[in-house]
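*Asks:*
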Amino acid sequence: MKFLLSLSALLLSMPSLAHAAGGQGNTSAIVMFLIFIAATMVITWWAAKRTQTTSDFYTAGGGITGFQNGLAIAGDYLSAASFLGIAGMVYVSGFDGIIYAIGFMFGWPTVMFLVAERLRNLGRYNFADVTSFRLQQVPMRVLAASASLLVIALYLIAQMVGAGKLIVLLFGIEYKLAVLVVGSLMMIYVTFGGMTATTWVQIIKAVLMLFGATLMTFLVLKGFNFNLDAILVEAVDVHPDGRGILAPGSAVSGNPLNALSLGIALAFGTAGLPHILMRFFTVANAKEARKSVIWASSFIGYFYVLTFIIGFSAIAILVKHPEYFVTDADGNFDMINSLIGGTNMVAVHLANAVGGDLLLGFLAAVTFATIVAVVAGLALAGAAAISHDLYANVIAKGKASEEKQLKVSKLSTVMLGVLSIILGIVFENQNVAFMVGLAFAIAASSNFPVLVLSMYWRGCTTRGATIGGFIGLASATIWVVLSTTVWVDVFGFAEPITPFPNPGILSIPLAFASIWLFSMLDKSAAAEKEKAAFTALTVRSQTGIGATGAQSH
Amino acid sequence: MSLHDDVVTQVTQNPKYQELVRRKDRISYAFFIVTFVIYSGFILTLAFNPSLFGRSIEGMTMSIGVVTGICVLVSASVLVSLYVYISNKVFDPLLASVIEEAGQ
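Line by line, the protein sequences give chains A and B.
With positions in the first sequence counted from 1, the corresponding number in the working numbering is that position plus 16.
With positions in the second sequence counted from 1, the corresponding number in the working numbering is that position plus 1387.
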């Protein structure tokens, strides 16, 4: 509680700090953000009383409804990067921004048709419960924890660095302080309130974000008399690429294989993201899991459509506002390169243009809230990998007491929080653009193949899954390290070794093929037992008989 | 937690269960394939015939690509909804009777 007090003191001093830092501090943004923090603190306090067991901590006791979970998943999925980033991408290159959004969107049918219901029926806290359902605990947990922690670390770094910079621009506070605030808030939510608090923070944030984007789109459309084509006419007229913004651009034509590779990783990666999969255990049963996907995909799809409108209309509108650009002596500016704060700020400037300081403040506060919420979701999934997989099932061999497990989870949350603050500061000036793409590629090349084959293919054995999963993990990582994004941009070598940055087209089939090959070669007695256990797995995954149900409070 | 072998045997021998699994798998795979065809169709057109997407729609500035893109995006949600509708209507009643007959 002392910590809470000192943190709120820190936050209350933010307006003055903002003033001191001399950035474009926005009072309404800070006030709204403080209201958000106050509300989420009350929720955390309420959730803390209900977080007594590991089941409460990891899955909110399984008592979240499908609708609530759908909102929370949308909250997890729509990070600040996917909102501000896609709006910015549409602003810069038009159509190419749409391609990314479609890739992210198509993760959802995959999750629905192949994973969601079976996952809920087979697991308890996280997806490693499912991959180790009939395969051996130790290797499957170690594999799942390695891939999950790597995915989470990459995602966390990308979020922290992106977040830090964004907060500097929006609130005018210092980078280190921004990272510290995000990391501390996340630790409070997760350690005290577990999944219950994290879910509600996520729900509130998703509602605010959907509301903000809807309002902004409405204001924009009103300015154009609700004529979408009129927006495009003006956008084509002023954009340096002209009609090019309505056609596939350099992101694709430069290297079609890279686009294909990215597309595959985005579509299959979602079904392997540990923090997303974990959300399916917060609902009571498979039917509610199904409902979660329908709501999540509807909210996400709706939000992306709004983002396109926001991006295209920003082209038409921002150009009329020289105050958002760095202008030269004659008042001229380049609409792409001299936007204040870079193209990630497109949606923020547009909010100011159509809704004044109040909407700008609202959007800035929502962005901050988004970052904190996404980071909290990631930390919780990371804590589950450490305490539930590594500690409880590998080190303690399933003999750890409930209290001990809960203690380890809270300890790992604090560790992850501190680590993410440190990483955020260390990576401040590094290029982190490749990290989310790599996170998706690893999820699609390791977690996804292991999960799918262990649930759908009788012949899948521990040896096959372990070797194949690690091959997928390693090939995706090595490929990215040797590509332009790391080998050239980070290490400074002249030429990349891999032909294009996205590994999916090689690493995903390679993982599937290796799992198949090494399972076929596995003639051990253990393998026979694992194959025999497939029937029981199928019965439970199809019917939910024996599945962990919701616990009433 | 774990299922008893006799429950497993009893369920797998229930013709309703066999029907459920057969139909459910067929529907899941069919939906997955349709999704895959839509998505890969979009990506492949993008990769190998990008100029098609750049063409305008008659009398408008809007391009074929932007409209297709939004339709493809929305189709993902529609497919998911349709799948849930079929599951609720067809599979849940079947599943309920399987569970009941298993005495669970």
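Here a beta-carbon is modelled for each residue, glycine too, at the ideal position from N, C-alpha and C.
All figures in this text were calculated on a predicted structure; none of them were measured in a lab.
Considering only their Cβ atoms, is the gap separating residue 262/A from residue 1448/B smaller than 9 Å?
*Replies:* On the second sequence, residue 1448/B is found 61 positions in, with the first residue counted as 1. On the first sequence, residue 262/A is found 246 positions in, with the first residue counted as 1. Against a cut-off of 9 Å, the Cβ pair of residue 262/A and residue 1448/B comes out as a contact.
*Asks:* Within a Cβ cutoff of 6 Å, which residues of the same chain sit near residue 63/A, ignoring the five residues on either side of it in sequence?
*Replies:* By 1-based counting over the first sequence, the position of residue 63/A is 47. So the qualifying residues of the chain are 209, 212, 213.
*Asks:* In chain B, which residues lie with their C-beta within 7 Å of the C-beta of residue 571/A?
*Replies:* Given a span of 17 to 569 for chain A in the structure shown, any question on residue 571/A remains unanswerable.
*Asks:* Go ahead and pull the three-state DSSP assignment for residue 148/A.
*Replies:* One-based indexing of the first sequence puts residue 148/A at position 132. Per DSSP, reduced to three states, the secondary structure at residue 148/A is coil, with no helix or strand assignment.
*Asks:* If we require 4 or more residues per run, which alpha helix (DSSP H) segments fall completely within the stretch 499-538 of chain A?
*Replies:* Annotation: the stretch 499-538 of chain A contains the following complete segments of the alpha helix (DSSP H) (minimum length 4 residues), in chain order: 520-536.
*Asks:* Please report how far the alpha carbon of residue 31/A lies from the alpha carbon of residue 433/A, in whole angstroms.
*Replies:* Here residue 31/A refers to the residue found at position 15 of the first sequence. Here residue 433/A refers to the residue found at position 417 of the first sequence. Caution applies to residue 31/A, whose pLDDT of 49 falls short of 50 and renders its modelled position unreliable; the model cannot decide the point.
*Asks:* By DSSP's criteria, residue 1450/B is part of a beta bridge. Which residues make up the other side?
*Replies:* As a position in the second sequence, residue 1450/B is number 63, starting the count at 1. DSSP output for residue 1450/B lists 1443/B as bridge partner(s).
*Asks:* Could you tell me whether the stretch 146-157 of chain A touches the stretch 435-447 of chain A, using the rule of 3 or more Cβ pairs below 8 Å?
*Replies:* no
*Asks:* Which bits of chain A does residue 1474/B rub up against, with CB to CB less than 7 Å?
*Replies:* Against the second sequence, residue 1474/B aligns to sequence position 87. Neighbours of residue 1474/B on chain A, chain order: 306.
*Asks:* Excluding five sequence neighbours on each side, which residues of the same chain lie with their C-beta closer than 8 Å to the C-beta of residue 1441/B?
*Replies:* The sequence position of residue 1441/B within the second sequence is 54, counting from 1. Cβ neighbours of residue 1441/B beyond the five flanking positions: 1450, 1451, 1452.
*Asks:* Quick one: grab the DSSP three-state call for residue 316/A.
*Replies:* Counting from one through the first sequence, the residue named residue 316/A turns up at place 300. In this structure, residue 316/A counts as helix in the three-state DSSP scheme.
*Asks:* Among the residues of its own chain, which have a CB less than 7 Å from the CB of residue 271/A, if the five just before and after it don't count?
*Replies:* As a working mapping, residue 271/A is identified with position 255 in the first sequence. The answer, listed in chain order, is 516.
*Asks:* Taking residue 233/A as the reference, which of 220/A, 222/A, 247/A, 221/A has the closest Cα?
*Replies:* Counted from its first residue, the first sequence places residue 233/A at position 217. Of all alpha-carbon atoms in 220/A, 222/A, 247/A, 221/A, the one lying nearest the alpha-carbon of residue 233/A is that of 247/A.
*Asks:* Kindly indicate if chain D contains any beta-carbon less than 9 Å away from that of residue 545/A.
*Replies:* Of the protein chains in the structure, A and B, none is chain D.
*Asks:* List, in chain order, every chain A residue whose beta-carbon is nearer than 7 Å to that of residue 1482/B.
*Replies:* Here residue 1482/B refers to the residue found at position 95 of the second sequence. The answer, in chain order, is 559.
*Asks:* One question on the structure: do residue 310/A and residue 128/A come within less than 9 Å of each other, judged by their Cβ atoms?
*Replies:* Within the first sequence, numbered from 1, the residue matching residue 310/A stands at position 294. Within the first sequence, numbered from 1, the residue matching residue 128/A stands at position 112. Cβ atoms of residue 310/A and residue 128/A: closer than 9 Å.
*Asks:* What three-state label does DSSP hand residue 289/A in the structure shown?
*Replies:* Within the first sequence, numbered from 1, the residue matching residue 289/A stands at position 273. Note: residue 289/A maps to coil in three-state DSSP.
*Asks:* If we cut at 9 Å on Cβ distances, does residue 473/A have a partner in chain B?
*Replies:* Here residue 473/A refers to the residue found at position 457 of the first sequence. False, the Cβ-Cβ gap to chain B never drops below 9 Å.
*Asks:* Starting from residue 1456/B, find everything on chain A with Cβ-Cβ shorter than 9 Å and list it in chain order.
*Replies:* For the purposes of this step, residue 1456/B is taken as residue 69 along the second sequence, with counting starting at 1. What residue 1456/B touches in chain A: 111, 114, 115, 117, 118, 324.
*Asks:* What residues match up with residue 355/A in a beta bridge as DSSP calls it?
*Replies:* Here the question's residue 355/A lines up with position 339 in the first sequence. Partner(s): 341/A.
*Asks:* Under a three-way DSSP split, which group does residue 80/A fall into?
*Replies:* Reading the first sequence from its first residue, position 64 is the one you call residue 80/A. Three-state result, residue 80/A: strand.
*Asks:* Check the Cβ of residue 249/A against every Cβ in chain B and list those closer than 7 Å, keeping chain order.
*Replies:* Sequence index remark: in the first sequence, residue 249/A carries index 233 (1-based). Under the 7 Å cutoff, chain B gives 1448.
*Asks:* When the Cα atoms are used, what is the spatial distance from residue 81/A to residue 1415/B?
*Replies:* By one-based count along the first sequence, residue 81/A stands at place 65. By one-based count along the second sequence, residue 1415/B stands at place 28. So the alpha carbons of these two residues sit roughly 24 Å apart.
*Asks:* Could you check if residue 438/A is buried or exposed, using at least 16 other CB atoms within 10 Å of its CB as the buried criterion?
*Replies:* The residue given as residue 438/A occupies position 422 in the first sequence. The residue is exposed, with fewer than 16 neighbouring Cβ atoms inside 10 Å.
*Asks:* Count the CB pairs spanning the stretch 479-487 of chain A and the stretch 414-421 of chain A that are closer than 8 Å, and state whether there are at least three.
*Replies:* no
*Asks:* Please state whether the Cβ-Cβ distance between residue 288/A and residue 137/A is less than 9 Å.
*Replies:* Within the first sequence, the letter at position 272 stands for residue 288/A. Within the first sequence, the letter at position 121 stands for residue 137/A. No, Cβ-Cβ distance for residue 288/A and residue 137/A is not below 9 Å.
*Asks:* So the alpha helix (DSSP H) residue 137/A belongs to, where does it begin and stop?
*Replies:* Counted from its first residue, the first sequence places residue 137/A at position 121. Segment 132-138, the alpha helix (DSSP H) holding residue 137/A.
*Asks:* Helix, strand or coil for residue 106/A, going by three-state DSSP, please let me know.
*Replies:* Mapped onto the first sequence, residue 106/A falls at position 90. The answer is helix: DSSP assigns residue 106/A an H, G or I state.
*Asks:* I need the DSSP call for residue 217/A, collapsed to helix, strand or coil.
*Replies:* Taking the first residue of the first sequence as 1, we reach residue 217/A at position 201. The answer is helix: DSSP assigns residue 217/A an H, G or I state.
*Asks:* So, for residue 458/A: in the same chain, excluding its five sequence neighbours on each side, which residues have a beta-carbon less than 7 Å away from its beta-carbon?
*Replies:* Along the first sequence, read from residue 1 onward, the residue named residue 458/A stands at position 442. Excluding sequence neighbours, residue 458/A sits near 163, 166, 167, 489, 492, 493.
*Asks:* Residues of chain B with CB closer than 9 Å to the CB of residue 78/A, please, in chain order.
*Replies:* Numbered from its first residue, the first sequence carries residue 78/A at position 62. Those do not exist, as residue 78/A stays about 15 Å from chain B at its closest Cβ, beyond 9 Å.
*Asks:* So, at 8 Å on beta carbons, what are the nonlocal neighbours of residue 141/A in its own chain, with the 5 sequence-adjacent residues on each side left out?
*Replies:* If you number the first sequence from 1, residue 141/A lands on position 125. Here the set comprises 70, 71, 74, 75, 294, 297, 400, 404.
*Asks:* Step through the CB atoms of chain A and report whether any lies within less than 9 Å of the CB of residue 1441/B.
*Replies:* Stepping through the second sequence from its first residue, residue 1441/B is reached at position 54. Cβ-Cβ to chain A under 9 Å: yes for residue 1441/B.
*Asks:* Relative to chain A, which residues along the stretch 1426-1437 of chain B have a C-beta separation below 7 Å, given in chain order?
*Replies:* 1426, 1429, 1430, 1433, 1434, 1435, 1437
*Asks:* For chain A, check one thing: does any of its Cβ atoms lie closer than 9 Å to the Cβ of residue 1393/B?
*Replies:* Along the second sequence, one-based indexing puts residue 1393/B at 6. No, residue 1393/B does not count as interfacial toward chain A.
*Asks:* Looking at C-alpha atoms only, which residue of 226/A, 306/A, 541/A, 429/A is the closest neighbour of residue 1471/B?
*Replies:* Counted from its first residue, the second sequence places residue 1471/B at position 84. Of 226/A, 306/A, 541/A, 429/A, the residue nearest in Cα terms is 306/A.
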